[in-house]
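Here the sequence shown stands for residues -19 to -1, 1 to 377, numbered as in mature numbering (1 follows the signal peptide of the UniProt record, and there is no 0).
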Amino acid sequence: MGKSLLLLLSFSFFSTFWAFSQITYKNNCIRSGDEIIKEQVEFKDPGRSGENVIWNFSELKTINSKYKLSFHSPCLINDSIYIMGCDTLLKENSDINNLIIGKEHSTMYYYQVKNDTLFCLGHENPITLMHNTIPFPLMTYPFDYKQRIEHKFESEGIHSSQSGTNTFGNISIESDAYGKMILPTGDTLNHVVRIKTTQLINDTLYIKNNIGSNDISNIFLRKQLKKKVEKHHKQIEADTYSWYAQGYRYPVFETVQAFDVIDSLRKQTFAAAYFYPPVNHYYLDDDLDNTIVLDSLNNEKVPNILTNWINQNFSHNFWPNPVSTELNIEYKLEQGANVGITLYSSVHGIVKIIPVKYMDMGLYRETIDCSTLFPGAYIIQFNVENELISNIVLKK
């Protein structure tokens, strides 16, 4: 009886989770004719990866509001070709439904869906034209929790200053977390999955000249530029976290960070966060697939008693990781429970205890001073109704 109950319990939870953890073409691929609004808000660390995360963005203030994103199809020229930036695509070899141009401010982004994968072909604006000679993927469909893909890319372009650029590197995409999100509006979304995209970019500039792109001298120059960058071990790393909520085609929240990487050491040079208010996802009136999902969520039944209590009632987050001084902790209870927190290591033993005590339903915050800890790996352990949940924290 015990084994049967555990099996049913596990099946009940994973059936519920896998129903919303998958990013699909039908529900999440960009579409021509769609329009959404995003707002820049204060940046907050994306927090941990894993299951049952609580992302509390309720206190973030708006910095810039109402950026419009729109998507449309390319025009057919002479009934034979589509022009997507630097790419010319024959009508006979291209499905118009798989070619999309995205516009944000004055920048145009060129996308193509190929073999169930969304690729970026390049982008342009009044000062820059970039062509991805080896296009990079933005998503493959379907995409499940813990799935990961990696891909090489190469780009070349020109700036208004008449200087050119060669860019090459790697991109990785991973579905690394799921949980609940409290939006800047105060609303809570329960079925949220996070996608992490990391680009390692080598960028080299050169002065444009009259040598053709296929000239042997230019080919040799590009190879030498690549060798030069590799020799100096300097890269740019761009990390983008996108949160998808069940019932919405596009992300509802996004963070972007950029780092200079020199000899494996990262120095942050940019950080921004963007909120896509669900009420401003204007495409929903013409998105039957997601409308059906939202209707089903509104009619969602209360989970049965066999559903794991922790998975339904406790979610947590902590940041930064690695930590230098203060470790920030947030957790949310859907029902009252006894909760305690311990930070310890196998080398240094217990370094901090927040004793177990009864906490009412709600959102809670704790801060642990880590400034005097020795560098290394530590374990943060949550005791929730005598069930232990552990995560690794690295001290710089």
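All C-beta atoms, glycine included, are put in the ideal place defined by N, C-alpha and C.
Predicted model only: the values in this text are computed from it and were never measured.
At a Cβ-Cβ threshold of 8 Å, K42 and Y257 do not count as neighbours. If you check the CB distance, G150 and W36 do not come in under 8 Å. Annotated as distal: H53 and I17, with beta-carbon spacing of 8 Å or more. Spatial neighbours of P107 in its own chain (CB-CB distance under 8 Å, excluding positions within 5 residues in sequence) are listed in chain order as S87 and S141.
DSSP, read as helix, strand or coil, puts Y122 in coil. Under the three-state reduction of DSSP output, S277 falls in the helix class. By the CB criterion at 8 Å, F100 and P116 fall inside the cutoff.
The beta carbon of E307 lies closer than 8 Å to those of T348, I349, D350, C351 and S352 in the same chain, with the five residues before and after it left out. Here the stretch 244 to 256 makes no contact with the stretch 265 to 272; the two share fewer than three CB pairs at distances below 8 Å.
A distance below 8 Å between beta-carbons, with the five flanking residues on each side excluded, links I331 to the following residues of its chain, in chain order: T323, L324 and Y325. Collapsing the DSSP output to three states places P259 in a helix. As the crow flies, the alpha-carbon of L181 is around 43 Å from that of A318.
For Y264, the three-state secondary structure derived from DSSP is helix. The C-alpha of Y92 lies about 41 Å from the C-alpha of L314. Judged by DSSP secondary structure, I291 falls within the alpha helix (DSSP H) whose first and last residues are W290 to N294. Taking the Cα positions, I370 is about 6 Å away from Q362.
With contacts defined as CB atoms closer than 8 Å, A253 and F38 fail to qualify as a contacting pair.
Scanning its chain for C-beta atoms nearer than 7 Å, with the 5 sequence neighbours on each side dropped, one finds around I334 the residues T323, in chain order.
The shortest CA-to-CA distance from V365 to any of I373, W290 and S305 is the one to W290. Counting only residues of its own chain and dropping the five nearest sequence neighbours on each side, Y255 has a CB closer than 6 Å to the CB of K19, Q21 and E235. As a beta-bridge residue in DSSP terms, R129 pairs with E155.
In this structure, I62 and T69 form a Cβ contact; the two beta carbons are roughly 5 Å apart against a cut-off of 8 Å. Between D97 and W300, the CB-CB gap reaches or exceeds 8 Å.
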